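K.L.:
In the numbering used here, the protein residues as written are 1151 to 1259.
1. So the candidates are 1255, 1202, 1161, 1192; which of them puts its Cα closest to the Cα of residue 1222?
2. For residue 1214, name the three-state secondary structure that DSSP assigns.
3. Using three-state DSSP, classify residue 1156 as helix, strand or coil.
4. Under 9 Å between the Cβ atoms of residue 1196 and residue 1155?
5. Roughly how many angstroms separate the alpha carbons of residue 1159 and residue 1244, rounded to a whole number?
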């Protein structure tokens, strides 16, 4: 399931309507990350959840896009993952609780 994404070719940002209840600050942060990414390296970026609720960041470009920086895209995704680890973990928890309706596991025994 796609959470959000940005496309440098038509300069559009998308947030799945199922996530409209996220706090405004979180939605703004997602938008900023996506738009800045596509402005810096071009192409597209999507934040999507796999079947287990893990957040996956996917990047790509149109065939023949010579301006897309594949290496820069990989480095920027790695940087985002490192610097925003807690943010992404919170998004995964939100998805598991509010979309998949799982009980949160806070490691308590």
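Each residue gets a CB set at the ideal place from its N, CA and C atoms; glycine is no exception.
Given the structure is predicted, the values throughout are model-derived calculations rather than measurements.
P.N.:
With the structure as the only source:
1. 1192
2. coil
3. strand
4. yes
5. 30 Å
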